[in-house]
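Residue numbers (the numbering used here), protein chains in the order written: chain E, 319 to 703; chain V, 319 to 703.
The C-beta atom is built at its ideal place from N, Cα and C for all residues, glycine as well.
All of these numbers come straight from a predicted model, not from anything done at the bench.
Number of protein chains: 2
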Amino acid sequence: MTPVAAAAGAQDALVTLFVVLLAAKLGEEGCRRLGQPPIIGEILAGVLIGPSVLGIVEPDAVLEVFAELGVVFLLFVVGLESRLADMRAVGGRALRVGLLGVLLPFVGGFAFGEALGEGLEVSLFLGAALMATSAGITSAVLLELGAGDSAAARTILGAAVVDDVIALTLLSVVVGVSGDGVSVTSVGLLLIGSVIFIGVVAIAGSRLLARYPAVLRAPSFTETGLLPAVLLCLGLAAVAGEIGLAAIIGAFLAGMVVAETKEHTEVEEAVKPLYAFFPPFFFAFIGLNVDLGALADPGALGLLAGVTALAISTKLIACWIGAAGLDPRERALVAFGMVPRGEVGIIVAGIGSTAGVIDDELFAVIVGMAVLTTLIAPPTLKRLV
Amino acid sequence: MTPVAAAAGAQDALVTLFVVLLAAKLGEEGCRRLGQPPIIGEILAGVLIGPSVLGIVEPDAVLEVFAELGVVFLLFVVGLESRLADMRAVGGRALRVGLLGVLLPFVGGFAFGEALGEGLEVSLFLGAALMATSAGITSAVLLELGAGDSAAARTILGAAVVDDVIALTLLSVVVGVSGDGVSVTSVGLLLIGSVIFIGVVAIAGSRLLARYPAVLRAPSFTETGLLPAVLLCLGLAAVAGEIGLAAIIGAFLAGMVVAETKEHTEVEEAVKPLYAFFPPFFFAFIGLNVDLGALADPGALGLLAGVTALAISTKLIACWIGAAGLDPRERALVAFGMVPRGEVGIIVAGIGSTAGVIDDELFAVIVGMAVLTTLIAPPTLKRLV
């Protein structure tokens, strides 16, 4: 690319970024004044300016990168508020919540597809689209409510990591079935690689940084530990993505590693502006992907209602069971906290659509389900907290 | 685009952003330890990881956007440290420096092209590539040296605004000559539009915000005035770009407008992390555009030496004359401060290359000149300050 073509592109991108940020913040402002959770306003602002309604902004590659950085910095901040010891304390329960919370919705979605008479591949993708929780959405709501360090919140976060590992492994099986076939070796490698990455970073990373805290301090290129911490966050996010995990798992682990150091309050303070700037793009981007046009007939709406009800009920039941041992209010908090599918459902739908397995209607239905489960969580969690 | 294609793109972009930021910061670290100005390290890191040497990173559309936001936030911070009254006090001198500083290098470049026997169009583009100063580079150096609010610094900034308006008007003439012909109306409209935009924002904008400071405070979506200020910055940058000005002029004016408010120290503090995160992409991106391969023969190197010497000498002489009235040290500071061509030279070369007027060798020579004039300024300014 010649610089000038890029320069014209950069100007267009500047206008788009301004419009999206302004719309998201106005949406948030409106929701706050109505006493509603702010991220709902940011998502609806995305729907409003997107192709469905006003058509001012299309979701494009640059916005996708800003959305990705938004959820990366979001989970980094969440990690900064998480302590490894606390996470270990909820380990067993988080494992149960994560495991059941993936399996039941997957089975439910698959059975629903089969009952509708869809083919094997479509049913598998429907199951896959329902299985994974969006840790970003729930984390944002809990942070917002100041409930980021309750036992329920830690259970949700631990479960979200487990959820992501199992869901990605299952997804690689589903994609294999609809494509070149399943290689047990590659699925096994993904699973083993993920577990090793998480284990090494969470345990060795924390110990290393605790022993050599100067890593955050030594560089003379920054007054605070912000940039070394940001580099750690981006680096681990990139590695997680390369392994096949969600990048946000790496960002979350990076935050947790920095949280063990003396510098963590300083980094928390310094990262705030990045946390204010990027995440609105993430929420608005979810809204930008909604296609109201494809949902504008009774059949599609009925399907959307059915899939959404299934997505909510299966996740609620599975996570309620998994969270046994907590008091009822906390169990409900964990269960509702795991409901939002957010960007994960949209990504699975996108994979199915690119592979030619899912048609436009089902794509729109899954995206609609992802957004509806996301919009339901904030007010429910607010009431429970 | 389907979300999944974008998701893969977002993962690649994440890796690239990490690599570029890491390289830029390591380059800066090395330069600091050697007692050299940090931005030199960031630019050279870009050259090193770019297509010329290691070939790890190609300059692409996403990096271009991050580079653009880098220089936008850079000029916003510079604007925050500038007072309208101080700018007015240096107005006449800044006008002379800006005007002479564009005209002499333009005439020099044009004459050089004609002397080499190049065609009219090539000569015009050579003149255009030499004429405009990169306000971003000089501002970064002055900020770094803590000399952002001297009379010389204000003269440079005022001159850079004048420089940009005149240079862009001239550039539209040059592009017209090599394309569909020059329309006096459109050139006139660009000039008038620019002057009106700058005048209205600088004067009315400051008064409006001084009268209604609540604009930065009223939204409940942010604890500090950061996001409203960032929106003002991005908005004015986008408008400036749409008019045909450089986006950074809008960002600079936005900073100057916010500087007149009570909130300015708070915004200055809050914007620091954005200022730490984005500008390294700008400096590294300049280095990424360098093509050492195309410069690897004696003819090209000779041409590069000649063009660079011309770029430096014409700008120095013109701005030295324009800065009459300051003491000699300050005149030298202004003159050397106007030398860096940075991204502006690269953009003009890109336009000429896209239009088919400039060949690959001359493109590489102009980019090389832009980088060399940029590398010369920081150590010189450091000595003068």
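Practice item. Determine the contact status of T691 of chain V and G663 of chain V, defining contact as a CB-CB distance below 9 Å. Key: To locate residue 691 of chain V, count along the second sequence from 1; it is residue 373. To locate residue 663 of chain V, count along the second sequence from 1; it is residue 345. Yes, these two residues count as a Cβ contact at 9 Å.
Check your understanding: With distances taken from CA atoms, which of E:S441, E:A688, E:V533, E:N607 is nearest G373 of chain E?
Key -> Translated into the one-based positions of the first sequence, residue 373 of chain E becomes position 55. When each option's Cα is compared against that of G373 of chain E, the closest is E:N607.
Check your understanding: Thinking C-beta only, is L554 of chain V closer than 9 Å to V519 of chain V?
Key -> For the purposes of this step, residue 519 of chain V is taken as the residue at position 201 of the second sequence. For the purposes of this step, residue 554 of chain V is taken as the residue at position 236 of the second sequence. Yes. Within cutoff.
Practice item. Could you tell me whether the region 565-581 of chain E touches the region 592-609 of chain E, where touching means 3 or more Cβ pairs closer than 8 Å? Key: no
Exercise for review: Could you please tell me which residues of the region 580-608 of chain E, in chain order, have their CB closer than 8 Å to any CB of chain V?
Suggested key: A588, V589, K590, P591, L592, A594, F595, N607
Exercise for review: Have a look at V:G523, V:D482, V:G494 and flag the residue whose alpha-carbon is nearest the alpha-carbon of S512 of chain V.
Suggested key: As a first step, residue 512 of chain V must be located in the second sequence, where it is residue number 194. Here the closest residue by C-alpha is V:D482.
Review point. On the three-state DSSP scale, how would you describe A564 of chain V?
Key: Reading the second sequence from its first residue, position 246 is the one you call residue 564 of chain V. Three-state result, A564 of chain V: coil.
**Study point:** Residues bridged to L610 of chain V (per DSSP)
**Key:** In the second sequence, the residue the question calls residue 610 of chain V occupies position 292. L610 of chain V is not bridged to any residue.
Exercise for review: Just the C-alpha distance for L699 of chain E and A653 of chain E, rounded to the nearest angstrom, thanks.
Suggested key: Counting from one through the first sequence, the residue named residue 699 of chain E turns up at place 381. Counting from one through the first sequence, the residue named residue 653 of chain E turns up at place 335. Whole-angstrom Cα-Cα distance: 10 Å.
Review point. Of all Cβ atoms in chain B, is any one closer than 9 Å to the Cβ of A556 of chain V?
Key: In the structure shown, chain B does not exist; the protein chains are E and V.
Exercise for review: Check distances from the C-beta atoms of the region 336-351 of chain E to those of chain V and list, in chain order, the residues that come in under 8 Å.
Suggested key: F336, L339, L340, K343, E346, E347, R350, R351
Exercise for review: Starting from the Cα of C551 of chain E, find the closest Cα among E:V557, E:A569, E:G327, E:A564 and give me that residue.
Suggested key: For this step, residue 551 of chain E is matched to residue 233 along the first sequence. Per the Cα distances, E:A569.
**Study point:** Touching by the beta-carbon criterion (3+ pairs, under 8 Å), the region 616-632 of chain E and the region 458-476 of chain E
**Key:** no
Exercise for review: Use the C-beta contact count for P546 of chain V: other C-beta atoms within 10 angstroms, 16 or more gives buried, fewer gives exposed.
Suggested key: If you number the second sequence from 1, residue 546 of chain V lands on position 228. It counts as buried.
Practice item. Please confirm whether P616 of chain V and E581 of chain V have their CB atoms less than 9 Å apart. Key: Stepping through the second sequence from its first residue, residue 616 of chain V is reached at position 298. Stepping through the second sequence from its first residue, residue 581 of chain V is reached at position 263. Cβ distance not < 9 Å, so P616 of chain V and E581 of chain V don't count as in contact.
Point to revise | Near-chain E residues of the region 374-391 of chain V - C-beta to any C-beta below 8 Å | key: Of all residues in the region 374-391 of chain V, only P377, D378, A379, V380, E382, V383, A385, E386, L387, V390 come within less than 8 Å of chain E when Cβ atoms are compared, listed by chain position.
Review point. Looking only at its own chain, which residues have a Cβ that is under 6 Å from the Cβ of F430 of chain E, when we skip the five neighbours before and after it?
Key: Here the question's residue 430 of chain E lines up with position 112 in the first sequence. Cβ within range, chain order: L628.
Practice item. Take the Cβ of P696 of chain V as the centre, count every other Cβ of all protein chains shown within 10 Å, and call the residue buried at 16 or more, exposed below. Key: The residue labelled residue 696 of chain V in the question sits at position 378 within the second sequence. Per the 10 Å Cβ criterion, buried.
Point to revise | E399 of chain E, enclosing alpha helix (DSSP H) - first and last residue | key: The count along the first sequence starts at 1 and reaches residue 399 of chain E at position 81. Per DSSP, E399 of chain E belongs to no alpha helix (DSSP H) and is neither H nor E.
Review point. What's the C-alpha gap between I358 of chain V and V657 of chain E?
Key: One-based indexing of the second sequence puts residue 358 of chain V at position 40. One-based indexing of the first sequence puts residue 657 of chain E at position 339. For I358 of chain V and V657 of chain E, the distance between alpha carbons rounds to 50 Å.
**Study point:** C-beta contact flag for L339 of chain E and I567 of chain E at 9 Å
**Key:** Looking up residue 339 of chain E in the first sequence gives position 21. Looking up residue 567 of chain E in the first sequence gives position 249. In this structure, I567 of chain E does not lie closer than 9 Å to L339 of chain E by Cβ.
**Study point:** E436 of chain V to L680 of chain V span [Cα, whole Å]
**Key:** Your numbering for residue 436 of chain V matches position 118 in the second sequence. Your numbering for residue 680 of chain V matches position 362 in the second sequence. Going by the C-alpha atoms only, they are around 11 Å apart.
Exercise for review: From the DSSP output, in three-state form, read off L644 of chain E for me.
Suggested key: As a working mapping, residue 644 of chain E is identified with position 326 in the first sequence. If DSSP states are grouped into helix, strand and coil, L644 of chain E belongs with the strands.
Check your understanding: Closer than 9 Å, CB to CB, is E462 of chain V near chain E or not?
Key -> Here residue 462 of chain V corresponds to residue number 144 of the second sequence, with the count starting at 1. So, not an interface residue.
Review point. How about A565 of chain V and A328 of chain E: are their beta carbons less than 9 Å apart?
Key: Within the second sequence, numbered from 1, the residue matching residue 565 of chain V stands at position 247. Within the first sequence, numbered from 1, the residue matching residue 328 of chain E stands at position 10. With contacts defined by Cβ atoms closer than 9 Å, A565 of chain V and A328 of chain E form a contacting pair.
Exercise for review: Following the continuous alpha helix (DSSP H) through T456 of chain V, name the residue where it begins and the one where it ends.
Suggested key: Your numbering for residue 456 of chain V matches position 138 in the second sequence. Unbroken alpha helix (DSSP H) run through T456 of chain V: 453-462.
**Study point:** Where the alpha helix (DSSP H) through P531 of chain E begins and ends
**Key:** Your numbering for residue 531 of chain E matches position 213 in the first sequence. No alpha helix (DSSP H) holds P531 of chain E; DSSP gives it neither H nor E.
Exercise for review: Mind reading off the beta-carbon distance from L398 of chain E to E586 of chain E? Whole number of angstroms is fine, and I expect it under 8 Å.
Suggested key: By 1-based counting over the first sequence, the position of residue 398 of chain E is 80. By 1-based counting over the first sequence, the position of residue 586 of chain E is 268. With a Cβ gap of about 5 Å, L398 of chain E and E586 of chain E count as contacting.
Review point. Between A331 of chain V and G416 of chain V, what straight-line distance do the alpha-carbon atoms span, to the nearest angstrom?
Key: Numbered from its first residue, the second sequence carries residue 331 of chain V at position 13. Numbered from its first residue, the second sequence carries residue 416 of chain V at position 98. Straight across, the Cα-Cα distance linking A331 of chain V with G416 of chain V is about 38 Å.
Review point. Are any of the Cβ atoms in chain E nearer than 9 Å to that of A532 of chain V?
Key: Here residue 532 of chain V refers to the residue found at position 214 when the second sequence is read from its first residue. Taking Cβ atoms only, chain E never reaches closer than 9 Å to A532 of chain V, which makes this a no.
Point to revise | Pairwise C-alpha distance: G660 of chain V and A450 of chain V | key: Locating residue 450 of chain V in the second sequence gives position 132, where the first residue counts as 1. Locating residue 660 of chain V in the second sequence gives position 342, where the first residue counts as 1. When rounded, the distance between both Cα atoms is 9 Å.
Review point. Is the shortest distance between the beta-carbon of Q329 of chain V and the beta-carbons of chain E less than 9 Å?
Key: As a position in the second sequence, residue 329 of chain V is number 11, starting the count at 1. Yes, its Cβ sits closer than 9 Å to a Cβ of chain E.
Check your understanding: So what does DSSP say about F601 of chain E, is it helix, strand or coil?
Key -> For the purposes of this step, residue 601 of chain E is identified with residue 283 of the first sequence, where counting begins at 1. Helix.
Check your understanding: Whose C-beta lies closer than 7 Å to the C-beta of R401 of chain E among residues of the same chain, with five residues either side of it excluded?
Key -> The residue you call residue 401 of chain E lines up with position 83 of the first sequence. Result list for R401 of chain E: A577, in chain order.
**Study point:** A667 of chain E vs I604 of chain E beta-carbon contact at 9 Å
**Key:** Along the first sequence, one-based indexing puts residue 667 of chain E at 349. Along the first sequence, one-based indexing puts residue 604 of chain E at 286. No, the pair does not count as a contact, with Cβ atoms beyond the cut-off.
**Study point:** Through-space distance from L442 of chain E to G559 of chain V, alpha-carbon basis
**Key:** Counting from one through the second sequence, the residue named residue 559 of chain V turns up at place 241. Counting from one through the first sequence, the residue named residue 442 of chain E turns up at place 124. Answer to the nearest angstrom: the Cα atoms are 48 Å apart.
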